[in-house]
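Quick notes on the structure that follows.
Here is the structure:
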């Protein structure tokens, strides 16, 4: 019996490091994806919009495929054991990386991500990648995972739809330890961009994101119970004028929505 117990103890000691390695093997720093973003995404001079060099991404298709394969290889059981920030960073990075891949499937012969859809199926409903063990589409990540599971409205300034009207694609990967700062920075850049959100007279004109996903800004995160609460929080970014800032904070301005620019966010155009 002692011999058997000794054997079991030795076996457990041998297996433990392997199990620990399996848990820590995934790179939550996303070094490979981060390197591609740093190489092929640039901020415009105002620091509020970015452009993607899809020609450069195409030249690095092998490196991009390695990133996508790494994301696809994550088992659902491993994902389920991760922390909330780890899960969110993974899903946001996956959305952005697979969006780049989707664009490359027809680049340069497209002017918009919408060109990749059809009358019966949008580009976001196309199943073209595997994630957490099943074939997925981009809408699955955003509308079946990120939005309903995490109730974090700032993800709308993090996931990028490859369009000029969309909040900027960051030139870095999202990471669990920096997630909060990255979400807030993305939201602040978005709100400060007067091409997407601005005050005009007695009206505040905002991105259509606030119309399409209005319910996400009404669930109490960050104290947001209505879109006007968001505008009040970021009043100093929406306007340089004290009177307009005061009106935003008092929530007395009418809210209108701007047309969305679906043009490709291509650095070469």
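In the numbering used here, the protein residues as written are 44 to 312. Glycine included, C-beta positions come from ideal geometry on N, C-alpha and C. Computed from a predicted structure; not experimentally measured.
When we look at the beta-carbon of residue i and count the other beta-carbons within 10 Å, is it buried (16 or more) or exposed?
| i | result |
| --- | --- |
| residue 222 | buried |
| residue 194 | exposed |
| residue 199 | buried |
| residue 240 | buried |
| residue 296 | buried |
| residue 307 | buried |
| residue 162 | exposed |
| residue 286 | exposed |
| residue 91 | buried |
| residue 227 | exposed |
| residue 148 | exposed |
| residue 63 | Residue placement at residue 63 cannot be trusted, given a pLDDT of 40 that sits under 50; the coordinates are not used to answer. |
| residue 192 | exposed |
| residue 44 | Any reading at residue 44 must be qualified, since the residue scores a pLDDT of 48, below 50, and its modelled position is unreliable; no value is offered. |
| residue 225 | buried |
| residue 229 | buried |
| residue 177 | exposed |
| residue 282 | buried |
Which two residues bound the contiguous beta strand (DSSP E) that contains residue i?
| i | result |
| --- | --- |
| residue 173 | 172 to 174 |
| residue 178 | 177 to 179 |
What residue range does the alpha helix (DSSP H) around residue i cover?
| i | result |
| --- | --- |
| residue 190 | 190 to 193 |
| residue 185 | Looking at the DSSP string, residue 185 is not in any alpha helix (DSSP H), and its letter there is neither H nor E. |
| residue 273 | 270 to 276 |
| residue 285 | 285 to 293 |
Quick one: what's residue i bridged to in DSSP?
| i | result |
| --- | --- |
| residue 158 | DSSP output for residue 158 lists no bridge partner at all. |
| residue 309 | 95 |
| residue 297 | 246 |
| residue 206 | 307 |
CB residue i to CB residue j, shorter than 8 Å?
| i | j | result |
| --- | --- | --- |
| residue 130 | residue 141 | no |
| residue 75 | residue 109 | yes |
| residue 114 | residue 79 | no |
| residue 136 | residue 311 | no |
| residue 157 | residue 305 | yes |
| residue 196 | residue 112 | no |
| residue 211 | residue 179 | no |
| residue 236 | residue 86 | no |
| residue 159 | residue 153 | yes |
| residue 202 | residue 245 | no |
| residue 280 | residue 234 | yes |
| residue 205 | residue 77 | no |
| residue 172 | residue 117 | no |
| residue 289 | residue 218 | no |
| residue 188 | residue 134 | yes |
| residue 270 | residue 298 | yes |
| residue 249 | residue 301 | yes |
Please decide whether residue i counts as near chain D, where near means a Cβ-Cβ distance under 8 Å.
| i | result |
| --- | --- |
| residue 148 | Of the protein chains in the structure, only one exists, and it is not chain D. |
Exercise. What beta strand (DSSP E) runs, 3 residues minimum, are completely inside the region 63 to 145?
Worked result: 84 to 86 and 93 to 95
Exercise. What runs of the beta strand (DSSP E), each 3 residues or longer, lie entirely inside the region 219 to 263?
Worked result: Counting whole runs of 3 or more residues, the region 219 to 263 contains the beta strand (DSSP E) stretches 241 to 243 and 246 to 249.
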